[in-house]
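For the sequence shown, the numbering used here begins at -17 and goes up steadily by one. In what follows, a structure is listed as structure tokens, so that the remarks can point back to it.
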Amino acid sequence: MLDADPGAQFSKQMPTPRILVVDDEVAVLKYMVTILRRHGYEVHSASDASAALQTAEQLSCGLNLLITDVVMPGVSGDELVRSLRRICPYVDVLVVSGALQEGNRGLVNCPVLKKPFLPTDLTAAVNEILSSQIH
């Protein structure tokens, strides 16, 4: 059974999980950031792949999780994941998308949360991924 407050299972001795959220839809980006911050996560956001990669570099790849849309202008979520994993090879990824396309090679084996989703869907997916990191 999932904890009602996903951030609650991370003890005070452990650093707060750090999440980077990427989505070109500002309303969706703010929605996810708000939900995750309310659950105690350290959340960074970017509206495109270039800003996401810059943020990851500024954080010295100290990310626990990347949450990304797939279909974005310019660089797709697939390309973002491949680029990010060159500099942060062990970062976990959660894909959020309303339209997954065939051929997303960088997203193979990544969990997917289909848009639209409820806050509890997002926090449950994040909690599951982060819980696997501490075991």
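Glycine included, each C-beta is placed from N, C-alpha and C at the ideal position.
Below 8 Å, enough C-beta pairs join the stretch 30 to 49 and the stretch 57 to 72 to call them touching: three or more. Residues D30, A31, S32 of the same chain have their beta carbon placed closer than 8 Å to that of G56, with the five preceding and five following residues left out of the count. Contact between P93 and A107 holds: CB atoms are separated by about 6 Å, below the 8 Å threshold. In this model, L100 and Q40 are separated by some 31 Å (Cα to Cα). Counting only runs of at least 3 residues, the stretch 1 to 51 fully encloses the following beta strand (DSSP E) elements, listed from N- to C-terminal order: 24 to 28, 47 to 50. Under the DSSP assignment, L76 falls in the beta strand (DSSP E) whose first and last residues are 74 to 79.
Annotation for G44: R0 place their beta carbon closer than 8 Å to its own, counting only its chain and skipping 5 residues before and after. With a cutoff of 8 Å on beta-carbon distance, L18 and I111 are scored as not near each other.
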